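A.B. asks: One gets this note's numbering by counting positions in the sequence shown from 1 and adding 3 to each.
My questions all concern the structure below.
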Amino acid sequence: MSFLKKVFNISKESSEEKLAKKQEVNLSLDDSFVHYFLEKGGKFLYCTKKEEIEFHLKNIIQENNWNELVCLDKNLNKITKKIGIDTKSDINYSAPFLTTCEHLIADNGDVLFSSNQIRSKKLATLSDHFVVYASTSQLVKNTGEGLTGIKTNSKNNIPTNISAVKNYSLQKKDDNFLNYGNSNSKNLYLLLFEDF
4 MSFLKKVFNI
14 SKESSEEKLA
24 KKQEVNLSLD
34 DSFVHYFLEK
44 GGKFLYCTKK
54 EEIEFHLKNI
64 IQENNWNELV
74 CLDKNLNKIT
84 KKIGIDTKSD
94 INYSAPFLTT
104 CEHLIADNGD
114 VLFSSNQIRS
124 KKLATLSDHF
134 VVYASTSQLV
144 KNTGEGLTGI
154 KTNSKNNIPT
164 NISAVKNYSL
174 QKKDDNFLNY
184 GNSNSKNLYL
194 LLFEDF
């Protein structure tokens, strides 16, 4: 009899149980983002105080035996000075990249960047190792809201080179010439600061 149930998909589930399985789960923006971000291999550190940012950044540097970082942001450079790590402002340098971002995309776990962070460089040409500082106010539902946010925040000077890191574990380089320049995989740490 159980063979027939499997073949004809006969089930003893009540209609209430079936309805419960079909219900959509609605997560908050931050829960949704963290779920997808971790699923893609990202490393996530939640911070509620500025001191925690310094603490976690110092631990990331020690864990990876990094001696210096590339950092273009003046506010982040203040933090690196406090923890005693050398920084370079040459974006072509191969050291790990410490940066901010434009937005965090909740519906897929992507981190959105623009020329404000990466200048005119393709993500694939930058370091394989990223440490991103972001705040919870940068969370948006989807890429469309992220692009609208960039436009709203930069009314007179809209940034260019908008792109996103889509995978947070380093993948083997693809030799297929059709995929040249499209590898947006990074070993990415996210320092997420609660600012609400």
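Idealized CB from N, CA, C, for every residue including glycine.
Just so we're clear, the structure is a prediction, and the values are computed from it rather than from any experiment.
1. Any idea what DSSP makes of D178, helix, strand or coil?
2. Would you call S157 buried or exposed, if buried means 16 or more other Cβ atoms sit within 10 Å of its Cβ?
3. Please state whether the Cβ-Cβ distance between Y96 and V73 is less than 7 Å.
4. Comparing C-alpha positions only, which one of E42, L115, N119 and T163 sits nearest to Q141?
5. Report buried or exposed for D178, applying the criterion of at least 16 other Cβ atoms within 10 angstroms of its Cβ.
6. So the beta strand (DSSP E) F199 belongs to, where does it begin and stop?
7. For K91, which residues from the same chain have a beta carbon less than 8 Å from its beta carbon, with the 5 sequence-adjacent residues on both sides left out?
8. Which residue from D33, S35 and L41 puts its Cα closest to that of Y192?
9. Just to confirm, are L48 and Y136 a CB contact at a threshold of 7 Å?
10. E71 lies in the beta strand (DSSP E); which residues open and close that run?
11. Just to confirm, is the Cβ distance from C50 to F196 under 7 Å?
12. In its own chain, which residues sit with a C-beta less than 6 Å from the C-beta of S44, not counting the 5 before and 5 after it?
13. Apply the 10 Å Cβ neighbour rule to T83 and answer buried if 16 or more other Cβ atoms are within range, or exposed otherwise.
C.D. replies: With the structure as the only source:
1. Confidence is the limiting factor: at D178 the pLDDT is only 49, short of 50, which leaves the residue's position unreliable and the question unanswerable from this model.
2. exposed
3. yes
4. L115
5. Bear in mind that the predicted position of D178 carries a pLDDT of just 49, short of 50, making it unreliable; the figure below should be weighed with that in mind. Exposed, since its Cβ has fewer than 16 Cβ neighbours within 10 Å.
6. Counting along the chain, F199 falls outside any beta strand (DSSP E), and DSSP gives it neither H nor E.
7. E71, L72, V73, C74 and A98
8. L41
9. no
10. E71 to C74
11. yes
12. The sequence given here has Gly at residue 44, not Ser. So the qualifying residues of the chain are Y171 and S172.
13. buried
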